[in-house]
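Chains as they are written, first to last, in the working numbering: chain E, 1 to 466; chain S, 467 to 932.
For glycine and all other residues, C-beta sits at the position ideal for the given N, C-alpha and C.
All of these numbers come straight from a predicted model, not from anything done at the bench.
Protein chains: 2
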Amino acid sequence: MTADLAEPRSDEAVSCILRRRMAEKIDTLIEARWVIAVDPDDTVLDHHSIAIRDGKIIALLPTGEGAKKYQATETIELPEHALIPGLVNAHTHAPMSLFRGLADDMPLMQWLNEHIWPAESKWVNEEFVRDGTRLAVAEMLKSGTTCFSDMYFFADVTARTCIEIGMRAVVGLIVVDFPTVWAQSWEEYIHKGTKLHDDLRHIDLVTTAFAPHAPYSVSDAPFEKIRVVNNELNIPVHMHVHETAHEVEEAVAKTGMRPLQRLARLDLLNLNLVAVHMTALLPEEIESLAKVNASVVHCPESNMKLASGFCPVKALLNAGVNVAIGTDGAASNNDLDMLDELRAAALLAKVVAHDATAVPAHTALRMATLNGARALHLDEHVGSLEPGKLADIVAIDLSVISSQPVYDPLSQIVYTATREQVSDVWIAGKRLLDHRQLVTLDEESILQKACEWRDRIAAYDEKSKS
Amino acid sequence: MTADLAEPRSDEAVSCILRRRMAEKIDTLIEARWVIAVDPDDTVLDHHSIAIRDGKIIALLPTGEGAKKYQATETIELPEHALIPGLVNAHTHAPMSLFRGLADDMPLMQWLNEHIWPAESKWVNEEFVRDGTRLAVAEMLKSGTTCFSDMYFFADVTARTCIEIGMRAVVGLIVVDFPTVWAQSWEEYIHKGTKLHDDLRHIDLVTTAFAPHAPYSVSDAPFEKIRVVNNELNIPVHMHVHETAHEVEEAVAKTGMRPLQRLARLDLLNLNLVAVHMTALLPEEIESLAKVNASVVHCPESNMKLASGFCPVKALLNAGVNVAIGTDGAASNNDLDMLDELRAAALLAKVVAHDATAVPAHTALRMATLNGARALHLDEHVGSLEPGKLADIVAIDLSVISSQPVYDPLSQIVYTATREQVSDVWIAGKRLLDHRQLVTLDEESILQKACEWRDRIAAYDEKSKS
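Listed below in structure tokens is the structure:
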């Protein structure tokens, strides 16, 4: 080896050294078979690389050029993988993953009254929320989700847990008319919520949304207070709206108004509104959502499982409404798998609209990434693979039997890929899933905690039924 | 060690030796965390074992007892797995897996006229069918399917390929009015079909069904011939029927009859009928199917993706119709994953019926196993884990994050499991998937062939579009 050093350097070697000296230093260079940036367009880039520095994407470029232009601390080769923006789960109740499969195949009210609500009032505390969030985030990272919008008690614990893990989240500041373990009055809900918002104001990774539960469970007074406070905060208002036709009918009987009509009267139908579920919509309601740039979160599997109804996704998109995708909680799905969910969205929209061209693959991917980011007011920072945005990136391995042959990688991601094909995940440039291994979470201890909660909860659920 | 042999034997050691001498010899003992037999009932058996001899299940028993009673050549411990009957894919076009994702998100007729039919007329030959079947069977085994009912050209090649692999199949004897690469006239289709049936008469693994394509593509004369020949053969008649409302309307306009009505007039509405898709059904049609014990194959993902319509699954089941599940071909799904498909069936049925209790988890699993076997006339031999039946068994690993906690293993299989949780598969007692490794197929060579076909087909598809 010493002899080599003494030898005169060839022109090529000199040029190589010069190139290295001139090369820009970056943290990570990911060389992939395909890159699907989503924005500015859905083009599938062949043999492209993503350059990352200080947590941000600084360039997308052909792989040959990337190796010349940059000197990366770490270069990662993914020769059979597609890179997509991290998936954004725009509606979930993360800690409820501890109730996954506790009660299936029953009518909504029996499910709530006999199982979910008793279980919640018995079990939900800070420890439950921490363990449930860790289980949920582990599942989400392993299925390509890099950001989720949550609605649950102890949002402070969810926020803290996500910061520890390095997971991006929008925690919902719950408001509901009745007292719970989290607060006793609507004033207290709003007070605790705004305090949490304030505590998180210097944190990039975790932001907030107001999360009034639903029009049927929140009175005018708290809604009015939210509107006033939100004139200053200007954060999303994340809410279940028109989940079922029954909810709409009941509202009309009680208030003389459809729920969306009441929200409009309360001046909450605006671009901060993130309306979840949205079955049972009139054409003029779709127009009114489009007019104010409100967002809709479609949860196809929950809507199917609870027999809630069909969200008119094609009509919403055609009207120009921003439609995102959410899994809902694991108790009504039963997973937090956004790849599964975006496929369900693409498939269901077609048969509901009687149109096989409705929600094509690229639209489904956009709904599950950029549209989610937009609903959460995060689209300046995430939702697509563009220079200047944070490096929230997911690698999907398309070399498996069930995704072959690959005529169109985007189509294969939407119509064939399962969560196990997610090999690597980065959030703000930090690799949180590395060859399917969680980096900042201990999977064994999460599984252990899940077993412990199951034993306690199952014993109580059995007892309460008998 | 020699010293030990010389020592006087303890009572316990003697009793152990006696037990071993008295123990019944078997080939395989699978000790699982859970066993879900499906028949005689859906009970989840805790810590049970399955004893296998000569390809058949000889007993299901608590794991402690199994180890005492049997002396097995091979004992397999699956401490976090559920055993279920092998999944039965009741409708597919296996070789079309080579067209997976070739043309998505387009209307049915554009998809057929501009892509699928030109591709088929250009590419389908014996080599295509062999390579496509191998790719499809690899995918099916890796997702827990142990039997499939196929409808495609060169059924002889499909049969031979399945025999080589050890895969159970029911190959469709295609009949259609127009000439194809397989036959020139309906007489030739039926002649080749009955000859293949005859060639396979001593083969247990591969059986046959008539496969007239659909009422709109088969005239009365071939249908009448099928009926006459089938008086003797008595095999299933596997056919696309009422795939869309449009098909029904067109039939009424042309023939004055709804397709099912025409089949009844042709005396083909009987217990051999395996009617695939079946959207657009009148209540009296559902009654007529139930009355004669005909079977329906529900293909939820294909029906959604092609915007075909909703099969009234709950109404069919309530009427007593045997409803099985199929994936359809990979060109309209785009996978052959029965776990994914049975979840889609369970979810979709609920929202279509406005009833969250429709198609509960145990019904979905039964549809995907025993009901499929019944439709294919195989329920005496497979479809449930019962002593006397063939050992077609699938192990599903429920220890993964996304299936935790496990309150109800059956529910977690239906609502959370993905194909990658299928760890092991046995067909007639032979292990064809061993810790996710295919035993009788070379995955590398299948992938290589898929790439070669893609390159050829994609180049032609591009050229034919320009």
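Query                                                                                                                                                                       : Result
Got a sec, what are the start and stop residues for the beta strand (DSSP E) D643 of chain S sits in?                                                                       : Note, D643 of chain S: premise wrong, no beta strand (DSSP E); not H, not E.
Any Cβ of chain E within less than 8 Å of the Cβ of L544 of chain S?                                                                                                        : no
Would you call the region 771-785 of chain S and the region 259-274 of chain E touching, i.e. three or more CB-CB distances under 8 Å?                                      : no
For the pair the region 606-613 of chain S and the region 639-659 of chain S, tell me if three or more CB-CB distances fall below 8 Å.                                      : no
Please return the same chain residues whose Cβ sits closer than 8 Å to the Cβ of I286 of chain E, not counting the five positions on each side in sequence.                 : P312, A315, L316, A319, V321
Give a yes or no on whether the C-beta atoms belonging to T994 of chain S and I701 of chain S are separated by under 8 Å.                                                   : Outside the shown range of chain S (467 to 932) lies residue 994 of chain S, about which nothing can therefore be said.
Using a 10 Å radius around the Cβ and a threshold of 16 neighbouring Cβ atoms, would you call I203 of chain E buried or exposed?                                            : exposed
My output table needs one value for P95 of chain E: the three-state DSSP class, helix, strand or coil.                                                                      : helix
Spell out whether any CB of chain S is found under 8 Å from the CB atom of E443 of chain E.                                                                                 : yes
For E139 of chain E, go through chain S and note every residue whose CB falls closer than 8 Å to its CB, in chain order.                                                    : I867, S868
For K122 of chain E, would you say it is in contact with chain S, using Cβ-to-Cβ distances shorter than 8 Å as the test?                                                    : no
Mind listing which residues of the region 409-421 of chain E have their C-beta closer than 7 Å to chain S's C-betas, in chain order?                                        : S411, Q412, Y415, T416, T418, R419, E420
Give the interface partners of T823 of chain S over in chain E, defined as CB-CB distance under 8 Å, in chain order.                                                        : D105, M106, P107
Which class does W426 of chain E belong to by DSSP, given the choice of helix, strand or coil?                                                                              : strand
Could you give the DSSP three-state label for A183 of chain E: helix, strand or coil?                                                                                       : coil
List, in chain order, every chain E residue whose beta-carbon is nearer than 8 Å to that of E767 of chain S.                                                                : L347
Would you mind stating whether A810 of chain S and P766 of chain S have Cβ atoms separated by less than 8 Å?                                                                : yes
As a quick exercise: from S:A548, S:A621, S:V703, S:H843, pick the residue whose alpha carbon is nearest that of R596 of chain S.                                           : S:A621
Residues of chain E with CB under 7 Å from D803 of chain S, in chain order?                                                                                                 : S402
Below 8 Å on the Cβ atoms is my guess for D150 of chain E versus A94 of chain E; work out the distance and round it to an integer in Å.                                     : 5 Å
Which partner residues does P212 of chain E have in the DSSP bridge list?                                                                                                   : E:V175
Looking at the strands, I want to know which residues DSSP matches up with V323 of chain E.                                                                                 : E:V296
Would you mind stating whether A211 of chain E and H238 of chain E have Cβ atoms separated by less than 8 Å?                                                                : yes
Grouping DSSP H, G and I as helix and E and B as strand, with all else coil, what is K491 of chain S?                                                                       : strand
Which chain S residues are close to M304 of chain E, counting only those with a beta carbon under 9 Å from its beta carbon?                                                 : A810, A812, L813, L814, A815, K816, V817, V818
Any residues in the region 770-800 of chain S with a beta carbon nearer than 9 Å to a beta carbon of chain A? Which ones, in chain order?                                   : As a matter of chain content, chain A is missing from the structure shown, whose protein chains are E and S.
Among S:I550, S:W648, S:I582, which one has its Cα closest to the Cα of I923 of chain S?                                                                                    : S:I582
Looking at the unbroken alpha helix (DSSP H) that takes in F148 of chain E, where does it start and where does it end?                                                      : That residue, F148 of chain E, is in no alpha helix (DSSP H); its beta strand (DSSP E) goes 145-150.
Mark A925 of chain S as exposed unless 16 or more other C-beta atoms lie within 10 angstroms of its C-beta, in which case mark it buried.                                   : exposed
Can you find a C-beta in chain S that's less than 8 Å from the C-beta of K463 of chain E?                                                                                   : no
Whole angstroms are fine: how far does the CA of S295 of chain E sit from the CA of L205 of chain E?                                                                        : 22 Å
For a contact meaning CB atoms closer than 9 Å, what does I912 of chain S contact in chain E?                                                                               : I401, Q404
Determine, using beta carbons only, whether A353 of chain E and K56 of chain E come nearer to each other than 8 Å.                                                          : no
If you draw a straight line from the C-alpha of A119 of chain E to the C-alpha of P826 of chain S, how long is it?                                                          : 22 Å
Distance check for R566 of chain S and M338 of chain E, CA to CA, integer angstroms please.                                                                                 : 22 Å
Output needed for V694 of chain S: all residues of its chain with C-beta closer than 8 Å, excluding positions within five of it in sequence on either side, in chain order. : none
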